[in-house]
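Student:
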Amino acid sequence: MQILVINAGSSSVKAAVIDPETGKRSLEMNAERLLDAPLIEFSDGTKIELESKGPERAIAVCLEALKDKLKDTPIAGVGHRVVHGGEDFDRAARIDEEVEAKIEALEKLAPLHNPINLRGIRAARELFADVSHFAVFDTAFHQSMPRRAKTYALPKDLMAEHGIRRYGFHGTSHKYVAAEAARYLGAQPKDLRIITCHLGNGCSVAAIEFGRSVETSMGMTPLEGLVMGTRSGDLDPGIIPYLHEQTGLPPEEIDELLNRQSGLKGLTGVGNDMRTILDESTKGNADCQLAVQVFTHRLRKYIGAYAAIMAGVDAIVFTGGIGENSPIIRHRASQRLSYLGAIINEDKNATTRLSETAPVVDFSMQHSRVKLLAVKTDEQLAIARECGKLIEKADAVNTLPTIPVAISARHIHLRRETVDALFGPGYELKVKKWLSQPGQFAAEETVTVVGPRNTIERVRVLGPVRSKDQLEISRTDEFFLGIDAPVRESGKVEDTPGCKLIGPAGEFLLEDGVICAWRHIHMTPEDAAVFGVQDRDIVEVAVGSGERSLVFGNVLIRVSPKYKLEMHIDTDEGNAAEINTGEEGVLQETSGSGTLRKRRVMEA
Ligand code: AMP
3 MQILVINAGS
13 SSVKAAVIDP
23 ETGKRSLEMN
33 AERLLDAPLI
43 EFSDGTKIEL
53 ESKGPERAIA
63 VCLEALKDKL
73 KDTPIAGVGH
83 RVVHGGEDFD
93 RAARIDEEVE
103 AKIEALEKLA
113 PLHNPINLRG
123 IRAARELFAD
133 VSHFAVFDTA
143 FHQSMPRRAK
153 TYALPKDLMA
163 EHGIRRYGFH
173 GTSHKYVAAE
183 AARYLGAQPK
193 DLRIITCHLG
203 NGCSVAAIEF
213 GRSVETSMGM
223 TPLEGLVMGT
233 RSGDLDPGII
243 PYLHEQTGLP
253 PEEIDELLNR
263 QSGLKGLTGV
273 GNDMRTILDE
283 STKGNADCQL
293 AVQVFTHRLR
303 KYIGAYAAIM
313 AGVDAIVFTG
323 GIGENSPIIR
333 HRASQRLSYL
343 GAIINEDKNA
353 TTRLSETAPV
363 VDFSMQHSRV
373 KLLAVKTDEQ
383 LAIARECGKL
393 IEKADAVNTL
403 PTIPVAISAR
413 HIHLRRETVD
423 ALFGPGYELK
433 VKKWLSQPGQ
443 FAAEETVTVV
453 GPRNTIERVR
463 VLGPVRSKDQ
473 LEISRTDEFF
483 LGIDAPVRES
493 GKVEDTPGCK
503 LIGPAGEFLL
513 EDGVICAWRH
523 IHMTPEDAAV
533 FGVQDRDIVE
543 VAVGSGERSL
553 VFGNVLIRVS
563 PKYKLEMHID
573 TDEGNAAEIN
583 TGEEGVLQET
593 SGSGTLRKRR
603 VMEA
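Numbers given in my numbering equal positions in the sequence shown, counted from 1, plus 2.
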């Protein structure tokens with residue numbers, strides 16, 4: 003399969019024809035100087051200089067030249083990089099009139115990018131009219147960020163009215179390098195906490211917890227976060243009105259100043275190229291020295307912050323022009339991180355050269371618990387893969403069995419020792435009711451849970467006893483009790499908060515074990531084979547029908563021969579979606595590990 007990938011920018015268009023399976027490129031096109039006279043270069047050595055047809059037509063004329071080159075190449079689909087997908091897109095989308103209209107409506111959030119991306123889409127859809135086109139969004143991967151990470155502290159109605167929230171960018175690259183890093187480490191993203199640093203002309207960091215982006219440094223626009231080539235990154239917002247008062251600059255010029263005249267360029271006056279800045283800093287240029295320090299100081303600040311957010315980190319990944327090629331920046335960012343468990347191998351870092359054959363290099367010491375990796379990013383290949391998946395999926399029909407849904411009320415699993423402490427030594431839990439999961443029962447016994455703010459009485463104990471105490475509560479319970487519990491899969495109670503428990507025979511101080519249970523589906527290995535999923539995959543499930551139908555994203559698969567097919571959501575989720583136990587769900591999508599396994603489907 004050959005996918006044409008197009009990235010249309012304001013002054014350049016890049017395109018490549020890629021086989022998503024092998025990553026092999028049969029043709030690449032790089033067109034520059036779009037605003038003057040476009041100069042097009044192809045990977046076969048051809049160069050074409052065109053007369054200016056004006057900015058409106060510039061992208062189209064380049065794509066016409068490309069089409070001419072592709073006369074004899076069968077293209078299965080066209081993938082377009084689109085910068086802003088807003089609230090609407092948490093994944094790639096097949097482009098139709100409605101998708102085009104949505105991308106157009108998002109122009110207010112990305113006025114510099116989306117209109118140009120759309121120009122590329124429209125020109126390409128006319129020229130390559132007989133194949134499907136797909137939009138792959140820079141923001142999509144970060145849609146999984148929790149609300150606490152997405153939300154600015156501004157008046158809520160104002161934010162809702164204007165779509166103000168953190169979206170994040172470079173998502174295609176962050177997702178790709180995290181997957182590459184995991185592959186290199188012989189693991190899957192769903193088992194790792196990874197900090198990815200995309201350091202190119204634009205720079206951003208992402209915290210990727212078990213395969214999902216939970217934080218990223220760019221915000222509503224790509225201006226927030228790290229110091230970049232020409233963007234300031236984070237600043238005190240008070241500077242903006244101050245600048246306006248002091249200089250009289252109107253908002254659009256302040257915007258231009260922050261986006262195009264700041265960052266490395268603004269700090270140094272020698273331009274935005276990190277190579278020049280590093281060379282000048284070595285020669286003693288004090289401005290360049292300070293720029294390098296500000297750049298890496300900010301980056302280190304984010305690395306520390308993201309390790310704190312994920313309560314640890316397994317790998318820190320450097321990518322983008324700077325991250326892949328600059329040992330000095332990697333050194334400045336990763337030395338003295340031993341407090342996190344990351345120990346740099348300076349020799350390895352200095353000699354690291356990424357290439358097609360060595361796209362990932364580990365430059366940490368062998369005994370470093372956290373791996374430091376330089377990873378070659380490939381956004382074009384990532385886009386081609388997304389398109390390949392969507393083309394395959396279009397040929398499939400969902401004939402999977404439905405999944406019963408159950409609402410899981412707050413409950414607690416206890417260890418033998420904890421039962422002894424709460425109910426008396428040797429006490430045996432009594433079965434009140436057998437649960438749908440074989441061998442599991444709701445016990446006659448209940449405990450009182452005491453949080454810093456409030457107490458909840460009669461929390462049901464589930465049996466039999468387990469190897470770890472685990473209290474599963476809803477978000478509403480959390481706020482009532484005054485406990486901030488992370489969303490976790492059952493059994494993963496490390497680094498979780500505790501609370502006090504009271505039973506008829508005594509009290510017990512739970513050191514950890516309070517979680518907000520990750521919505522999940524229990525199934526047997528046989529079910530898993532039918533659904534085409536594996537243990538700890540993340541899927542989507544549509545529940546209900548008609549107007550009340552609701553898609554639950556981020557549903558965890560749990561496979562064991564002991565389980566019975568059932569999806570568990572908590573009381574908050576059930577209430578919010580007006581769902582009762584007994585409803586049925588339909589598996590929609592498997593996406594957690596980044597690979598769409600083929601489901602058992604029948605031809606239409
Ligand atoms: P990108 O946007 O990913 O193409 O990255 C562009 C940035 O990478 C520019 O600031 C370049 O100066 C920087 N870059 C490329 N090679 C090197 C290198 N060997 N050392 C430092 N920076 C580099």
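Beta carbons: idealized from backbone N, C-alpha and C, even for Gly.
When DSSP labels each residue in this structure, what does residue 454 get in the three-state scheme?
Tutor: In the structure shown, residue 454 sits in coil (DSSP, three-state: anything other than H, G, I, E or B).
Student: For residue 431, tell me which candidate among 448, 60, 440, 131 has the shortest Cα-Cα distance.
Tutor: When only C-alpha atoms are compared, the closest one is 448.
Student: In terms of residue numbering, what span does the beta strand (DSSP E) encompassing residue 583 cover?
Tutor: Where residue 583 is concerned, there is no enclosing beta strand (DSSP E), given that its DSSP letter is neither H nor E.
Student: Check whether the Cβ of residue 202 sits closer than 7 Å to any heavy atom of ligand 1, and report yes or no.
Tutor: Yes, the beta carbon of residue 202 sits closer than 7 Å to at least one heavy atom of ligand 1.
Student: Suppose contacts are defined by Cβ-Cβ distances below 8 Å. Is residue 133 in contact with residue 77 by that definition?
Tutor: In this structure, residue 77 lies closer than 8 Å to residue 133 by Cβ.
Student: Looking at the secondary structure, which residues open and close the alpha helix (DSSP H) in which residue 104 lies?
Tutor: Taken as a continuous stretch (DSSP letters only), the alpha helix (DSSP H) holding residue 104 covers 99-107.
Student: Taking the runs of the alpha helix (DSSP H) that are 4 residues or longer, which of them lie wholly in the stretch 101-149?
Tutor: Within the stretch 101-149, the complete alpha helix (DSSP H) runs of at least 4 residues are 116-129.
Student: At 4 residues or longer, what runs of the alpha helix (DSSP H) sit wholly inside the stretch 202-267?
Tutor: Here the runs fully enclosed are 241-249, 253-262.
Student: Comparing C-alpha positions only, which one of 359, 141, 465 sits nearest to residue 436?
Tutor: Of the listed residues, the one whose Cα sits closest to residue 436 is 465.
Student: What is the rounded straight-line gap between the Cα of residue 515 and the Cα of residue 249?
Tutor: Computed Cα separation, rounded: 56 Å.
Student: So is residue 529 buried or exposed if we call it buried at 16+ other beta carbons inside 10 Å?
Tutor: When all chains shown are included, residue 529 counts as buried.
Student: Buried or exposed, going by whether 16 or more other CB atoms sit within 10 Å of the CB of residue 295?
Tutor: With fewer than 16 Cβ atoms within 10 Å of its Cβ, residue 295 is classed as exposed.
Student: With respect to the beta strand (DSSP E) encompassing residue 536, which residues constitute its N-terminal and C-terminal limits?
Tutor: No beta strand (DSSP E) holds residue 536; DSSP gives it neither H nor E.
Student: Suppose only complete runs of 4+ residues qualify. What are the alpha helix (DSSP H) ranges in the stretch 391-473, listed by chain order?
Tutor: For the stretch 391-473, whole alpha helix (DSSP H) runs of length 4 or above, ordered along the chain, are 418-425.
Student: List the whole-angstrom C-beta distance separating residue 259 from residue 289, where the pair is believed to meet the contact cut-off of C-beta under 8 Å.
Tutor: In fact, because the Cβ distance is near 18 Å, the residues do not count as touching under 8 Å.
Student: Measuring from the CB of residue 193, is there a heavy atom of ligand 1 at a distance below 7 Å?
Tutor: Residue 193 Cβ: outside cutoff for every heavy atom of ligand 1.
Student: For residue 328, count the other beta carbons within 10 Å of its own beta carbon; 16 or more makes it buried, fewer makes it exposed. Which is it?
Tutor: Buried: at least 16 other Cβ atoms inside 10 Å.
Student: Tell me where the alpha helix (DSSP H) around residue 184 begins and ends.
Tutor: Note, residue 184: alpha helix (DSSP H), 173-186.
Student: Residues in its own chain within less than 7 Å of residue 645 by CB, not counting five upstream and five downstream?
Tutor: The displayed coordinates of the chain run from 3 to 606. Any statement about residue 645 would go beyond what the structure contains.
Student: Per DSSP, what kind of secondary structure is residue 275 in: helix, strand or coil?
Tutor: Correct three-state label for residue 275: coil.
Student: Based on Cα-Cα distance, which residue from 372, 323, 355, 324 lies nearest to residue 338?
Tutor: Of the listed residues, the one whose Cα sits closest to residue 338 is 372.
Student: From residue 537 to residue 556, what distance separates their C-alpha atoms?
Tutor: Rounded to the nearest angstrom, the two C-alpha atoms are 14 Å apart.
Student: Which stretch, first to last residue, makes up the alpha helix (DSSP H) that contains residue 59?
Tutor: Start and end: 57-71.
Student: Roughly how many whole angstroms lie between the Cα atoms of residue 183 and residue 425?
Tutor: The alpha-carbon atoms of residue 183 and residue 425 are separated by roughly 48 Å.
Student: Pick from 391, 209, 203, 282: whose alpha carbon is nearest that of residue 307?
Tutor: The shortest Cα separation from residue 307 among 391, 209, 203, 282 belongs to 209.
Student: Alpha carbon to alpha carbon, how far is residue 203 from residue 616? Give it in angstroms, no decimals.
Tutor: Past the edges of the chain, shown from 3 to 606, lies residue 616, and the structure says nothing about it.
Student: Quick one: which unbroken beta strand (DSSP E) runs of 3-plus residues sit fully inside the stretch 464-518? Chain order, please.
Tutor: You should have 472-474, 501-505, 508-512.
Student: Kindly give me the distance between the Cβ atoms of residue 235 and residue 226, rounded to whole angstroms, as I take these residues to be in contact under 8 Å.
Tutor: 7 Å between Cβ atoms; contact.
Student: Measuring CA to CA, which of 316, 155, 334, 95 is closest to residue 324?
Tutor: Among 316, 155, 334, 95, the Cα nearest to that of residue 324 belongs to 334.
Student: Taking Cβ to Cβ, would you say residue 138 is nearer than 8 Å to residue 94?
Tutor: Result yes, Cβ atoms of residue 138 and residue 94 sit closer than 8 Å.
Student: Per DSSP, what kind of secondary structure is residue 603 in: helix, strand or coil?
Tutor: With a pLDDT of 32 at residue 603, under the threshold of 50, the predicted position of this residue should be treated as unreliable, and no value is reported.
Student: What do you get for residue 369, buried or exposed, if any count of 16 or more other CB atoms within 10 angstroms of its CB means buried?
Tutor: Label assigned to residue 369: exposed.
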